[in-house]
Amino acid sequence: MNTILLDNSLKEIQEKVVQGERLSIEDGLKLYETTDLLAIAQLANQVNTKINGDNVYFIQNMYINPTNVCEASCSFCGFKRKPGEEGAYTMNEEELLKYVEDRWNDNIREFHIVGGHNTEVPFDYYLDTIRILKKHYPQCTVKAYTGAEIEFFSRISGLSMKEVLEELIKAGLDTLPGGGAEILTERYRAKMSPEKASTDQWLEAHEIAHGLGLKTHATMLYGSIESKEERLIHMDRLRQLQDRTNGYMVFIPLAMQPKSINAGLKRRTSAYDDLRTIAISRLMLDNFDHIKAYWINIGPQLTQMALAFGSSDIHGTLIEERISHSVGALTSQGLTREELIHLIKGANKVPVERDTFYNVVKKY
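Under this note's numbering, the sequence shown has 368 at position 313, and the numbering climbs by one with no breaks.
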């Protein structure tokens with residue numbers, strides 16, 4: 056398929072994509088600056104089709120946030136509470152199992168667990184959370200604790216990050232989610248998440264996990280103070296690590312949500328930026344199999360459009376997502392399998408229900 060270019064300055068990039076050559080950060084900046092959005096879409100769609108055909112993946116999963124108590128004060132977060140603050144909670148075993156039981160259905164294959172950096176409980180609390188879920192739901196994959204949480208556990212336990220991960224794997228950990236990356240530059244982290252893991256620490260947590268045999272996920276939280284160049288530096292750092300380990304399964308661009316539920320719409324990312332960023336991610340991350348369109352943040356209809364912009368995954372059912380919704384996500388907190396299938400078929404793609412590791416459960 057030949058891409059129709061309205062912007063001839065993209066000719067060199069088009070040739071690189073056709074030849075399978077890696078794009079540079081300078082190429083990425085050109086893609087962010089051009090007004091020829093549909094050319095970027097066509098290029099990204101070609102790359103994705105070559106890797107995934109018409110398949111679009113989703114999973115039936117449940118989101119669990121065992122605690123919202125957090126030592127960090129990230130400026131973009133509306134989920135965290137300080138100890139004793141109104142609304143602060145930390146689930147005990149009974150509450151955790153009740154939460155799952157109330158939302159359970161027999162098609163759920165994955166628990167997606169992210170919480171606060173809670174210094175009020177020991178590292179054993181986080182290990183026990185996994186053990187409890189594995190004991191009662193052994194058929195479910197546990198996707199738990201971001202790279203930033205791994206660094207936090209290392210601090211509160213006195214263990215190295217490798218030892219932390221080894222203990223978590225013994226408890227039943229199957230994979231790390233991609234959160235906590237935000238933007239992988241120190242300028243951004245100093246302003247937006249100064250108490251959390253540094254760029255190098257976040258990347259190190261994932262590199263260690265890959266060395267221990269875990270396949271993991273990667274995210275990018277875009278749409279605040281970062282420059283376009285910083286987004287591309289972030290992608291480049293991920294693909295450099297992927298070159299060394301081949302441990303990442305998917306990249307998930309996450310659109311920043313307003314700090315307040317009552318914030319004006321002007322503070323959200325634009326549909327153009329969302330689709331452009333998904334397409335550029337597909338073109339830059341040549342060693343990733345999947346780019347995920349995260350319907351929670353950009354909405355189901357834009358997610359459907361993203362399937363023509365290089366995305367091959369639309370995430371999952373979630374049941375009850377809290378973190379993005381605590382800062383004003385306008386989407387529902389969960390979608391059914393039928394809704395996800397309808398969304399994918401509406402884009403003339405093939406819905407593929409998967410497990411955590413992209414093994415096919417069923418094609419629809």
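Ideal Cβ placement from N, Cα and C applies to all residues, glycine included.
- DSSP, reduced to helix, strand and coil, places Lys347 within a strand of the structure shown.
- Counting only unbroken stretches of 4 or more residues, the alpha helix (DSSP H) elements lying wholly within the stretch 63 to 97 are 66 to 74, 80 to 88, in sequence order.
- Assignment of Pro138 by DSSP, reduced to helix, strand and coil, places it in the coil class.
- In the DSSP assignment, Arg186 falls within the unbroken alpha helix (DSSP H) covering 178 to 191.
- Boundaries of the beta strand (DSSP E) around Met275: 271 to 277.
- With respect to the 8 angstroms criterion, Leu276 and Leu223 are not classified as neighbours on the basis of their beta carbons.
- By the 16-neighbour rule on beta-carbons within 10 angstroms, Ile59 is exposed.
- Listed as beta-bridge partners of Phe306 by DSSP are Ala273, Ile346.
- Counting only runs of 3+ residues, the beta strand (DSSP E) found wholly inside the stretch 142 to 177 occupies 165 to 168, in chain order.
- Note: Glu408 is bridge-paired with Phe113, Lys417 in the DSSP secondary-structure output.
- By the C-beta criterion, the stretch 166 to 177 is judged to be in contact with the stretch 108 to 120, since at least 3 inter-stretch pairs fall below 8 angstroms.
- According to the DSSP assignment, Lys251 belongs to no beta strand (DSSP E), since it is labelled neither H nor E.
- Contact between the stretch 132 to 141 and the stretch 154 to 161 is absent, with fewer than three C-beta pairs closer than 8 angstroms.
- In chain order, Glu281, Glu285, His289 place their CB closer than 6 angstroms to the CB of Ile238, counting only its own chain and leaving out the 5 sequence neighbours on each side.
- Contact check for Thr332 against Gly302 fails: the beta carbons are separated by 8 angstroms or more.
- If you compare the alpha carbons of Ser336, Leu338, Tyr327, Asp179 with that of Leu357, the shortest gap goes to Tyr327.
- For Ile369, the enclosing beta strand (DSSP E) stretches over residues 368 to 371.
- A distance of 8 angstroms or more separates the beta carbons of Ile353 and Val111.
- Taking a 10 Å sphere around the C-beta of Phe412, we find fewer than 16 other C-beta atoms and assign the residue as exposed.
- Each residue's CA atom was taken as its position, placing Gln297 and Ser209 some 24 angstroms apart.
- Within 10 angstroms of the beta-carbon of Gln194 lie fewer than 16 other beta-carbons, which makes it exposed.
- The C-beta distance from Ile335 to Ile95 rounds to 7 angstroms, short enough to meet the 8 angstroms contact threshold.
- Only buried fits Gln359, as 16 or more other CB atoms lie within 10 angstroms of its CB.
- Residue burial is scored here from C-beta neighbours: Arg242 has fewer than 16 other C-beta atoms within 10 angstroms and is therefore classed as exposed.
- The residues Ala99, Val102, Asn103, Ile346, Gly365, in chain order, have a CB closer than 6 angstroms to that of Arg337 in the same chain once the five nearest residues on each side in sequence are set aside.
- Partner residues in the beta bridge of Val124, as assigned by DSSP, are Arg136.
- With 16 or more neighbouring CB atoms inside 10 Å of its own CB, Lys251 falls in the buried class.
- In the three-state reduction of the DSSP assignment, Thr230 falls in the strand class, which pools E and B.
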